[in-house]
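Numbering (our numbering), first residue to last: 90 to 364.
Report on the structure given below.
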Amino acid sequence: MKTLTGKDLAAAIRAQTQAEAAAGAQPRLAVVVATADEASLWYVRSIAKAAAGVGVACDVVDLGPGAAPGQIGETLARLSADSQVHGLMLQTPLPPGASAQELAAAIDPRKDVDGANPLSLGRLAAGLPAFPPATAAAVLALLDHYEVELAGRRAVVVGRSTVVGKPLAHLLLDRHATVTVCHSRTRDLAAVTSQAEVLVAAAGRAGLIGAGHVAAGAVVIDVGTNPTDDGGLTGDVDFETVSQVAGALTPVPGGVGPVTTALLLRHTARAANLP
């Protein structure tokens, strides 16, 4: 089995971003946070660290887990109107009563580097230019990096979030894959996933995908980032058992994650150069 790490691809994307950032005014990313979720905070810290390494300024606006929806929306609107901010994202999860989809509508689509605004998602679905969600884009970038053929192949995405599942399905369709999206109400999940030549697990449930869910030789991309009791991360795929069946598999951590962060910063650098 081949392990599909994201290290080399992420490094190449960061080098490209650094060159783009140095060519003009310094790109600036603002990340709005209103959660105490450790996995989310870990991701935000990784973004800030990576940004510093490629010449992208990163402002983390921490409103606290008790922030009211109105406060979050006003913050997003203010940052959207700030000419010094080129990229803007809202980190989830959010406090009770706050809707990520409704609040993301306050993000200027030209600054929507994580593809959260419904307008961005609509343009993506229609095949029009837009920043896709960085995680969904990272899956496609990894598949391309390892030269995984998509045209005509059966692809199954487990998860229907607007962050990964739905936008990724559109990206795969644009590459001429035959796509099935599974979710919590899919009957006999293994019967569907075991038909996939390319399987993407993005349900947010640790160990959901085992060997019985995977066809022999399939390419498996694990998007899951589930916190463990020892402070680490584990994926949606049971790596030990699936690695005995799959032809290729991404690790967690070290697979999709580094590429996601690198692409988010590249989107920011490109947003800074929009006419």
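Glycine residues also receive a C-beta, built at the ideal position from the N, C-alpha and C atoms.
Taking the beta carbon of LYS138 as the centre, do at least 16 other beta carbons fall within 10 Å, making it buried, or is it exposed? On the sequence shown, residue 138 is found 49 positions in, with the first residue counted as 1. Exposed: under 16 other Cβ atoms inside 10 Å.
Determine the closest residue to LEU231 out of GLY176, GLY346 and ALA240, with distance taken between C-alpha atoms. Working through the sequence shown from its first residue, we reach residue 231 at position 142. Of the listed residues, the one whose Cα sits closest to LEU231 is GLY346.
Would you call GLN180 buried or exposed, if buried means 16 or more other Cβ atoms sit within 10 Å of its Cβ? Counted from its first residue, the sequence shown places residue 180 at position 91. With 16 or more Cβ atoms within 10 Å of its Cβ, GLN180 is classed as buried.
Touch check for the segment 335-350 and the segment 217-228: three-plus C-beta pairs under 8 Å? yes
Exposed or buried, HIS175, counting other C-beta atoms within 10 Å across all chains shown (16 or more means buried)? The sequence position of residue 175 within the sequence shown is 86, counting from 1. HIS175 comes out buried.
State the DSSP-derived secondary structure class of LEU183, mapped to helix, strand or coil. Taking the first residue of the sequence shown as 1, we reach residue 183 at position 94. Three-state result, LEU183: coil.
According to DSSP, simplified to helix, strand and coil, what is ARG243? Looking up residue 243 in the sequence shown gives position 154. Reduced to three states, the DSSP call for ARG243 is strand.
Here's a check: name, in chain order, each residue in its chain whose Cβ is nearer than 8 Å to the Cβ of LEU239, leaving out the five neighbours to either side. Along the sequence shown, one-based indexing puts residue 239 at 150. Here the set comprises LEU232, LEU261, ARG264, HIS265, ALA266 and VAL287.
Would you report the Cα separation of VAL270 and GLY142, rounded to the nearest angstrom? Within the sequence shown, residue 270 is the residue found at index 181, counting from 1. Within the sequence shown, residue 142 is the residue found at index 53, counting from 1. Using only the alpha carbons, I get a separation of about 36 Å.
Compare the C-alpha of GLY321 against each of LEU130, VAL121 and GLY95 and name the closest. Translated into positions along the sequence shown, residue 321 becomes position 232. For GLY321, the nearest C-alpha among the options comes from LEU130.
At what residue ranges does the segment 209-268 contain a whole run of the beta strand (DSSP E), taking only runs of 3 or more? 243-247
Rounded distance between the beta-carbons of VAL309 and ALA291, thought under 8 Å: Here residue 291 refers to the residue found at position 202 of the sequence shown. Here residue 309 refers to the residue found at position 220 of the sequence shown. Not a contact, Cβ separation roughly 12 Å.
Using only CA atoms, which one of ASN362, THR317 and THR339 lies nearest to GLU127? Numbered from 1 along the sequence shown, position 38 holds the residue referred to as residue 127. Nearest option by C-alpha distance: THR317.
Is it true that the segment 106-116 meets the segment 237-253, where meeting means three or more beta-carbon pairs spaced less than 8 Å apart? no
Less than 8 Å separating the beta-carbons of ALA187 and PRO221? Locating residue 187 in the sequence shown gives position 98, counting from the first residue. Locating residue 221 in the sequence shown gives position 132, counting from the first residue. Going by C-beta atoms, ALA187 is not nearer than 8 Å to PRO221.
Any idea if LYS96 is buried or exposed, counting beta-carbon neighbours within 10 angstroms, 16 or more meaning buried? As a position in the sequence shown, residue 96 is number 7, starting the count at 1. Under this definition LYS96 is an exposed residue.
What do you get for MET90, buried or exposed, if any count of 16 or more other CB atoms within 10 angstroms of its CB means buried? Along the sequence shown, read from residue 1 onward, the residue named residue 90 stands at position 1. Exposed, by the Cβ-count rule.
Which of the three DSSP states, helix, strand or coil, is assigned to ILE310? The sequence position of residue 310 within the sequence shown is 221, counting from 1. If DSSP states are grouped into helix, strand and coil, ILE310 belongs with the strands.
In whole angstroms, give me the CA-to-CA distance for GLY324 and THR314. Along the sequence shown, read from residue 1 onward, the residue named residue 324 stands at position 235. Along the sequence shown, read from residue 1 onward, the residue named residue 314 stands at position 225. Going by the C-alpha atoms only, they are around 5 Å apart.
As a quick exercise: from HIS234, GLN333 and VAL133, pick the residue whose alpha carbon is nearest that of ALA304. Walking along the sequence shown from the start, residue 304 turns up at place 215. Answer by Cα proximity: GLN333.
According to DSSP, is GLY176 part of a helix, a strand, or is it coil? If you number the sequence shown from 1, residue 176 lands on position 87. Residue state, collapsed to three classes: strand.
Suppose the cutoff is 8 Å on Cβ atoms and the five residues either side in sequence are ignored; what does the same chain contact list for SER273 look like? Numbered from 1 along the sequence shown, position 184 holds the residue referred to as residue 273. Closer than 8 Å at the Cβ level, and outside the excluded window around SER273, lie ALA292.
What are the uninterrupted segments assigned as beta strand (DSSP E) that are 3 or more residues long and contained completely in the segment 101-181, given in chain order? 117-122, 146-151 and 176-179
May I have the straight-line CA-CA distance separating ASN362 from ALA193, to the nearest angstrom? Here residue 362 is taken as the residue at index 273 of the sequence shown, counted from 1. Here residue 193 is taken as the residue at index 104 of the sequence shown, counted from 1. Straight-line Cα distance between these residues: approximately 22 Å.
Exposed or buried, what is ALA112 when buried is set at 16 or more other beta-carbons lying within 10 Å of its beta-carbon? Against the sequence shown, residue 112 aligns to sequence position 23. Counting Cβ neighbours within 10 Å, ALA112 comes out exposed, since fewer than 16 surround it.
Less than 8 Å between the C-beta atoms of VAL145 and LEU354, yes or no? In the sequence shown, the residue the question calls residue 145 occupies position 56. In the sequence shown, the residue the question calls residue 354 occupies position 265. Yes, they are a contact pair.
By DSSP, does LEU98 sit in helix, in strand, or in coil? To locate residue 98, count along the sequence shown from 1; it is residue 9. Looking at LEU98 - three-state DSSP - the assignment turns out to be helix.
Skipping 5 residues on each side, what residues in its chain have a beta carbon closer than 7 Å to that of GLY204? As a position in the sequence shown, residue 204 is number 115, starting the count at 1. Contacts found: LEU210, LEU213, ALA219, PHE220, PRO221, PRO222 and PRO256.
Do ASP148 and VAL122 come within 8 Å of each other at the CB atom, strictly closer than that value? Working through the sequence shown from its first residue, we reach residue 122 at position 33. Working through the sequence shown from its first residue, we reach residue 148 at position 59. No.
Integer Cβ distance of VAL268 from ALA244, believed to fall under 8 Å: Walking along the sequence shown from the start, residue 268 turns up at place 179. Walking along the sequence shown from the start, residue 244 turns up at place 155. So it is a contact: roughly 5 Å between Cβ atoms.
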